[in-house]
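S.K.: Under this note's numbering, the sequence shown is numbered contiguously, ending at residue 365. Even glycine gets a Cβ: it sits at the ideal position worked out from N, Cα and C. First, the structure itself, so that you have it in front of you.
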Amino acid sequence: MSLSPTDFSYDSPPVRVVFRPGAALTAPPEEAERLGLRRLLVVSGSRGESTARAVADSLGDRCAGLHTDARMHVPVEIAVRAVEVAREVRADGIVAVGGGSSIGLGKAIALDTGLPLIAIPSTYSGSEMTPVWGRTEDGVKHTGRDPVVRPRSVVYDPRLTLSLPVALTVTSGINALAHAVEALYAPDTSPLVGLMAEDGVRAMTRALPRLAADPEDIDARSQALYAAWLCGTCLGATTMGLHHKLCHVLGGSFGLPHAETHTVVLPYALAHNAPAAPQALTALRRALGTQDVPHALWELAGRLGAPRTLAELGLGEQDLAAAAEQVTGRPYANPRPVTTQEVLELLRAAHQGREPGTAATVS
Ligand code: NAD
């Protein structure tokens with residue numbers, strides 16, 4: 003059974019999803035036509051340039067330009083330049099091709115110009131399904147929610163993810179799991195979110211071992227991307243808690259890599275919250291077929307060769323106290339209250355890669 007339908011609200015956002023192998027090169031003109039767009043600016047990161055160029059070519063004379071300057075966490079000067087380019091080429095829409103960084107740049111243009119965005123994701127980060135934008139200025143990452151940045155159309159093409167290295171496949175997949183996990187115990191969760199989160203966790207945790215064994219398994223790629231869609235939808239529909247707060251602080255203030263940080267932190271954040279989130283744990287146990295969910299996630303990361311310590315991601319032991327202070331500095335939604343001391347203990351356990359649940363569940 004899903005979460006009990008007693009008291010909830012749920013918005014159905016008007017996002018169209020096209021999911022099929024090969025869609026990255028066939029769907030964009032159709033989506034542009036549906037949205038009535040004739041001058042699209044295609045944006046990507048430099049590493050994704052060849053794919054973005056192929057997407058631009060597929061648009062024919064509907065393509066107004068290609069801009070390949072996306073960077074992690076959307077530095078403000080990169081966003082400002084991209085908005086200028088969109089205005090210079092008189093774009094009437096944007097196509098973002100790539101991971102969360104490329105989609106983040108597309109959102110930054112949409113935020114300033116109101117232009118509609120088509121997203122073609124190549125990772126499992128889930129940004130394409132949310133109204134959340136981010137921008138980094140003077141080393142501080144600012145985020146906000148605005149419906150104008152939510153992509154109007156999302157094209158999921160599993161073939162685009164074939165080139166994701168196994169390491170990034172695993173960490174990006176666990177990044178997606180984190181959205182589903184926190185959506186299950188979010189204050190604004192709902193029965194539909196519960197169904198999507200549970201199936202997202204089930205599909206992703208089954209796909210990742212297959213992809214670690216054979217990254218070119220297109221069926222497993224489809225399963226993982228389907229799971230990313232579900233988990234991203236959960237992220238867009240709910241308010242995230244302790245886990246996302248920890249990762250925001252560790253990425254934003256200490257420069258830790260995004261998907262890897264999610265991978266290391268998730269088992270510890272869940273171990274802390276588990277006693278206060280019984281319904282979420284029931285769904286996760288069903289999805290994973292195991293009783294000890296934090297341990298199962300920790301074990302999965304280890305088995306698939308993903309990082310399991312904050313130390314190996316470059317966080318110094320001397321930074322743990324400052325990070326704990328920042329995490330508890332401002333209130334946010336979480337099923338279980340957190341003190342600075344508890345967060346510090348959690349971070350120590352994650353820093354050393356101790357088995358989760360041993361230190362982090364002590365109240
Ligand atoms: P990313 O977009 O930075 O990509 C990581 C690396 O993978 C890059 O070097 C990229 O070139 C490469 N890459 C991407 N797709 C590839 C592919 N198919 N094959 C080979 N290489 C590929 O990383 P990400 O994890 O997708 O996104 C992280 C960013 O997105 C962060 O800034 C994060 O804050 C943001 N984000 C935002 C939201 C939101 O709702 N606003 C949600 C999730 C993530």
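Would the stretch 11-25 count as touching the stretch 51-65 if we require 3 or more Cβ pairs under 8 Å?
M.R.: With the cut-off at 8 Å, the stretch 11-25 and the stretch 51-65 do not touch.
S.K.: When burial is assigned at 16 or more other CB atoms within 10 Å of the CB, is T138 buried or exposed?
M.R.: So T138 counts as buried.
S.K.: Hey, quick one: how far does the beta strand (DSSP E) through S46 stretch, first residue to last?
M.R.: Unbroken beta strand (DSSP E) run through S46: 42-47.
S.K.: Measuring CB to CB, does L369 end up less than 8 Å from V44?
M.R.: No information on residue 369 is available, as it lies outside the stretch 3 to 365 that the chain covers here.
S.K.: Any heavy atom of the ligand NAD closer than 7 Å to the Cβ of T125?
M.R.: Yes; taking the cut-off as 7 Å, the Cβ of T125 has a heavy atom of the ligand NAD nearer than that.
S.K.: Which first and last residues belong to the alpha helix (DSSP H) in which D201 is found?
M.R.: Element bounds for D201: 193-215.
S.K.: Apply the 10 Å Cβ neighbour rule to G196 and answer buried if 16 or more other Cβ atoms are within range, or exposed otherwise.
M.R.: G196 should be labelled buried.
S.K.: I need the straight-line Cα distance from L348 to T125, nearest angstrom please.
M.R.: Taking the straight line from one Cα to the other gives about 28 Å.
S.K.: Leaving aside the five residues before and after V345 along the sequence, list all residues of the same chain whose C-beta is less than 7 Å from its C-beta, in chain order.
M.R.: Excluding sequence neighbours, V345 sits near A326, V329, T330.
S.K.: Could you pull out every unbroken alpha helix (DSSP H) segment of at least 4 residues lying fully inside the stretch 84-122, listed in chain order?
M.R.: Within the stretch 84-122, the complete alpha helix (DSSP H) runs of at least 4 residues are 102-115.
S.K.: Excluding sequence positions up to five away, which residues of its chain have a Cβ less than 7 Å from the Cβ of P153?
M.R.: Within the same chain, P153 has close Cβ partners V17, L119, I120, A121, E130.
S.K.: In three-state terms, what does DSSP make of P31?
M.R.: The answer is helix: DSSP assigns P31 an H, G or I state.
S.K.: Give me the Cα-Cα distance between G359 and D159, rounded to the nearest whole angstrom.
M.R.: So the two alpha carbons sit approximately 38 Å from each other.
S.K.: Starting from the Cα of L37, find the closest Cα among V156, D140, P77, T241 and give me that residue.
M.R.: Residue V156 is the option with its Cα nearest to L37.
S.K.: DSSP beta-bridge partners for W300?
M.R.: DSSP, once it has assigned bridges, lists no residue as partnering W300.
S.K.: So for R332, helix, strand or coil by DSSP?
M.R.: If DSSP states are grouped into helix, strand and coil, R332 belongs with coil.
S.K.: Within 7 Å: the Cβ of W231 and any heavy atom of the ligand NAD?
M.R.: No, the Cβ of W231 stays beyond 7 Å of every heavy atom of the ligand NAD.
S.K.: Do the CB positions of P193 and F10 come within less than 8 Å of each other?
M.R.: Contact flag set, yes.
S.K.: Report back the beta-carbon spacing between L117 and A93 to the nearest angstrom; my notes put them in contact at under 8 Å.
M.R.: So it is a contact: roughly 6 Å between Cβ atoms.
S.K.: So what's G243 in DSSP terms, helix, strand or just coil?
M.R.: Residue state, collapsed to three classes: coil.
S.K.: Whole angstroms are fine: how far does the CA of D294 sit from the CA of E319?
M.R.: When rounded, the distance between both Cα atoms is 28 Å.
S.K.: For the ligand NAD, is there any heavy atom lying closer than 7 Å to the beta carbon of L68?
M.R.: No, the beta carbon of L68 sits no closer than 7 Å to any heavy atom of the ligand NAD.
S.K.: Please list, in chain order, all residues of the same chain as L164 whose beta carbon is under 8 Å from its beta carbon, the five residues on each side excluded.
M.R.: Correct list, in chain order: P217, E218, I220, R223.
S.K.: For Y187, count neighbouring C-beta atoms within 10 Å of its own C-beta (all shown protein chains included) and say buried if the count is 16 or more, exposed if not.
M.R.: Under this definition Y187 is a buried residue.
S.K.: Please determine, among F256, R332, L290, N275, the residue with the shortest C-alpha to C-alpha distance to L210.
M.R.: Closest option to L210, Cα to Cα, is L290.
S.K.: Quick one: Cα of V99 to Cα of I105, how far?
M.R.: If you take the alpha carbons of V99 and I105, they lie about 7 Å apart.
S.K.: Measuring from the CB of L268, is there a heavy atom of the ligand NAD at a distance below 7 Å?
M.R.: Every heavy atom of the ligand NAD is 7 Å or more from the Cβ of L268, so no.
S.K.: Any heavy atom of the ligand NAD within a distance shorter than 7 Å of the CB on R154?
M.R.: R154 Cβ: outside cutoff for every heavy atom of the ligand NAD.
S.K.: Within 10 Å of its beta-carbon, does T341 have 16 or more other beta-carbons around it, so buried, or fewer, so exposed?
M.R.: So T341 counts as exposed.
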